[in-house]
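Right, one structure below, let's go through it.
Number of protein chains: 2
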Amino acid sequence: MTETDQLVSLGEIEEAAARIAGVVRRTPLLPASWGRPEAPLFLKAESLQLNGAFKARGATNAVLLLTEDERGRGVITHSSGNHAQAVARAARDAGVAATIVMPRHSPRVKLLATQALGAKVVLVDVSERAAEAERLRARTDAVFLSPFDDDRVIAGQGTVGLEIAADLPDVATVFVPVSGGGLISGVAAAVKARCPDVRVVGVEPELAGDLAEGFARGERVVWEPEQTSRTIADGLRVTGVGERNWRHIAALVDEVVTVTEEQIKDAVRRIVLDSKLVAEPSGAVAAAGYLAHPDVCGRGPAAVIVSGGNVEPSTLADILSA
Amino acid sequence: MTETDQLVSLGEIEEAAARIAGVVRRTPLLPASWGRPEAPLFLKAESLQLNGAFKARGATNAVLLLTEDERGRGVITHSSGNHAQAVARAARDAGVAATIVMPRHSPRVKLLATQALGAKVVLVDVSERAAEAERLRARTDAVFLSPFDDDRVIAGQGTVGLEIAADLPDVATVFVPVSGGGLISGVAAAVKARCPDVRVVGVEPELAGDLAEGFARGERVVWEPEQTSRTIADGLRVTGVGERNWRHIAALVDEVVTVTEEQIKDAVRRIVLDSKLVAEPSGAVAAAGYLAHPDVCGRGPAAVIVSGGNVEPSTLADILSA
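Which chain is which? The protein sequence lines are A and B, in order.
Take the position in the first sequence, starting the count at 1, then add 88; the result is the number in the working numbering.
Take the position in the second sequence, starting the count at 1, then add 88; the result is the number in the working numbering.
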């Protein structure tokens, strides 16, 4: 098997797009007034997606691809919040039982929303979430749906890339926030196939910059949760990208950059005040990368993925008051 | 002349749509999760319009309709903010000088944005703005562009209605915020022509409810600025709808309702936290009407116009913290 054979294909992403079309929303790509003249800025508003984050795409695709036997066993996953809601909704709509392992300190807004969608929520310390999910999976025989390290999930997230390529065919650079790597894997696979000259840039919080370190060294690096949990970007605290995600990133991504906490908060303010969209801190990380790293941004239109908008009111109020 | 001859026609609105298409944005109509089952809720996100408010539509249409002579004389208007920015931008793009009379206590964000667009800003007490604009107009021979009482402006704002009718042909009720009446005049003319069974509901802050009083009495009523300036919805403090606007409203609008200050703030929170869009208080008034008045909302899909998103960071932070 060659390296490319191990990557999600354009065809799989196109099939995912058709599969989830009746469920997830096609989100707008909005021109922003605060870009640089040489790189006009467009925001892919996944904050306006079902449940306020891109995660609905991958989760819906994965749940719709379950076999009859798997549907009967139910699904289990772990997530800091947005994937949790996405799996809960997709499972509910498909009549499948869902168990979600969430970190004890997840934003309350994400926790309540997941429960409201009918999922069983199990709270654990952040460092225990993968182990607890595996323990429950083994006990219940439920199907584990990785938030990122799963071809069905990657294909679903890749539909964001298809929409960017359709709406902005001459896009020169796409900035994508990175945590486990599901979004950037799918988006890179889609846009590199549709727009061969496009550059794909991954952006991480400096405080959770394990992919940036690994990308520079040419090997997958995994930080400890004690490190990654320091960032305000609660959706990007996953420790290390997945194995499948690393393969996609190594093959397809052009650059990985990091941004500071202040740059993330500044980007939230720009998105809220100048583009009138609500972004959670994780959702503003790609925009922070665009603002902080003009050097890695090619000339020509830049698309920045605003990956989610599920922010605590008090967090947003604090950022706006600063 | 019959009464209908005095109203802006569907044809004029369609012409406006074609005229302004290359300048203003076609905004998304976004499904919202917090509607009632019998009246699914859709938000027309004019907060995502150029300069963060629907005003770009009417101002652009009016400026593009200026004669060569009028262009040379420049334009003048008064506005609490969003029309100011819209005229400033349209004039700048057309190479026409613009003078804007603004209330001294306009939100700073709107004042600075208007100046940044190259307009000359004159600050006066809110009660003086119309008189000062007329004084300056007489002195300079500039063309006065009413923020609402102008067929070119009404036709431009009506393009919002065309887009709602195109995206949601079975819309049953449209909720529109009312100040001077430019938006509701145009929207009612458009949607009543395209969807004859649709109900159009105007919504005002209770503290600036002069149209509600006048609509109930069947005559145009104008409150004093000291009354209307009490509402947090700074874009809706105009005293009385215009003469042209009254004719449109009397002929086309089905209901006018009011909402309290608390209902407006609650609606801001719903739009921000549940739909991930930034709304200024004025921009949330129509949504507040939908939430507070299920009785006036027909069965079937409801479209609510989120008319703008230009809110002071501190105001938004306060509303989110409450």
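All C-beta atoms in this analysis are idealised placements derived from N, C-alpha and C, irrespective of residue type, glycine included.
Asked, Found
"Have a look at the DSSP bridge pairing and note the partners of GLY165 (chain A).", "A small correction: the amino acid at residue 165 (chain A) is Thr; Gly does not occupy that position in the sequence shown. THR165 (chain A) pairs with A:ILE188."
"List, in chain order, every chain B residue whose beta-carbon is nearer than 9 Å to that of PRO116 (chain A).", "THR115, PRO116, LEU118, ALA133, LEU136"
"If you run the structure through DSSP and keep just helix, strand and coil, what is LYS198 (chain A)?", "helix"
"With distances taken Cα to Cα, identify the nearest neighbour of ARG177 (chain B) among B:VAL151, B:THR155, B:ARG196.", "B:VAL151"
"Which first and last residues belong to the alpha helix (DSSP H) in which LEU211 (chain B) is found?", "Per DSSP, LEU211 (chain B) belongs to no alpha helix (DSSP H); it is in the beta strand (DSSP E), 208-212."
"Helix, strand or coil: how does DSSP classify ALA127 (chain A) here?", "strand"
"Please list the terminal residues of the continuous beta strand (DSSP E) segment that includes PRO293 (chain A).", "287-293"
"Count the other CB atoms, across all protein chains shown, that sit within 10 Å of the CB of ASP285 (chain B); report buried if there are 16 or more and exposed otherwise.", "exposed"
"Please report the residue range of the alpha helix (DSSP H) in which PHE263 (chain A) lies.", "Here PHE263 (chain A) belongs to no alpha helix (DSSP H); instead the beta strand (DSSP E) covers 261-265."
"Helix, strand or coil: which one does DSSP assign to ALA374 (chain B)?", "helix"
"Would you decide whether THR155 (chain A) is buried or exposed? Buried here means 16 or more other CB atoms lie within 10 Å of its CB.", "exposed"
"Using a beta-carbon distance cut-off of less than 7 Å, what residues from the region 359-370 of chain A approach chain D?", "Reference to chain D is not applicable here, since the protein chains of this structure are A and B."
"Going by DSSP in three states, THR90 (chain A) sits in which element: helix, strand or coil?", "Note that THR90 (chain A) scores a pLDDT of 49, beneath 50, so its modelled location is shaky; the value from the coordinates is reported in the next line. Three-state result, THR90 (chain A): coil."
"Compute the beta-carbon to beta-carbon distance between ILE108 (chain A) and THR316 (chain A), rounded to the nearest angstrom, for a pair I have assumed lies under 8 Å.", "The Cβ separation is near 29 Å, so there is no contact."
"Starting from the Cα of ALA230 (chain A), find the closest Cα among A:GLU220, A:GLY274, A:VAL163, A:SER267 and give me that residue.", "A:VAL163"
"Got a sec: is the Cβ-Cβ distance from LEU199 (chain B) to anything in chain A below 8 Å?", "no"
"If you follow the beta strand (DSSP E) that LEU118 (chain B) is in, where does it begin and where does it stop?", "117-119"
"Could you work out which residues of chain A lie near SER409 (chain B), taking near to mean beta carbons separated by less than 8 Å?", "PRO401, SER402, ALA405"
"Should the region 256-265 of chain B be regarded as contacting the region 369-389 of chain B, the criterion being three or more beta carbon pairs within less than 8 Å?", "yes"
"Check ALA150 (chain A) in the structure and name its three-state DSSP category.", "helix"
"Tell me whether the beta-carbon of GLY297 (chain A) lies closer than 8 Å to the beta-carbon of ASP237 (chain A).", "no"
"Can you pull out the residues from the region 369-397 of chain A whose beta carbon lies closer than 7 Å to at least one beta carbon of chain B?", "GLY397"
"For ALA200 (chain B), count the other beta carbons within 10 Å of its own beta carbon; 16 or more makes it buried, fewer makes it exposed. Which is it?", "It should be pointed out that residue 200 (chain B) corresponds to Leu in this sequence rather than to Ala. With fewer than 16 Cβ atoms within 10 Å of its Cβ, LEU200 (chain B) is classed as exposed."
"Which residues bound the alpha helix (DSSP H) around THR316 (chain B)?", "313-316"
"Taking the alpha-carbon positions, what's the PRO313 (chain B) to TYR378 (chain B) distance?", "26 Å"
"Using a cut-off of 7 Å between C-beta atoms, extract the partners of GLY140 (chain B) located in chain A.", "LYS364"
"Leaving out five residues before and five after ARG180 (chain A) in sequence, what residues of the same chain have Cβ atoms less than 8 Å from its Cβ?", "ALA186, LEU205, GLY206, ALA207"
"Using the DSSP secondary-structure output, state which residues sit across from GLY396 (chain B) in a beta bridge.", "B:ALA141"
"Here's a check: name, in chain order, each residue in its chain whose Cβ is nearer than 6 Å to the Cβ of GLU294 (chain A), leaving out the five neighbours to either side.", "THR346, THR348"
"Give a yes or no on whether the C-beta atoms belonging to ILE337 (chain A) and LEU299 (chain A) are separated by under 8 Å.", "yes"
"Closer than 8 Å by C-beta to VAL275 (chain A): which residues in its own chain qualify, once you throw out the five before and the five after it? Chain order, please.", "GLN245, GLY246, VAL248, GLY249, ILE252, VAL262, VAL264, VAL288, ILE393"
"Count the CB pairs spanning the region 96-114 of chain A and the region 142-150 of chain A that are closer than 8 Å, and state whether there are at least three.", "yes"
"Exposed or buried, what is THR202 (chain B) when buried is set at 16 or more other beta-carbons lying within 10 Å of its beta-carbon?", "buried"
"Sort out for me which residues DSSP pairs ALA391 (chain A) with in a bridge.", "A:PHE130, A:VAL262"
"With DSSP collapsed to three states, give me the class of PHE236 (chain B).", "coil"
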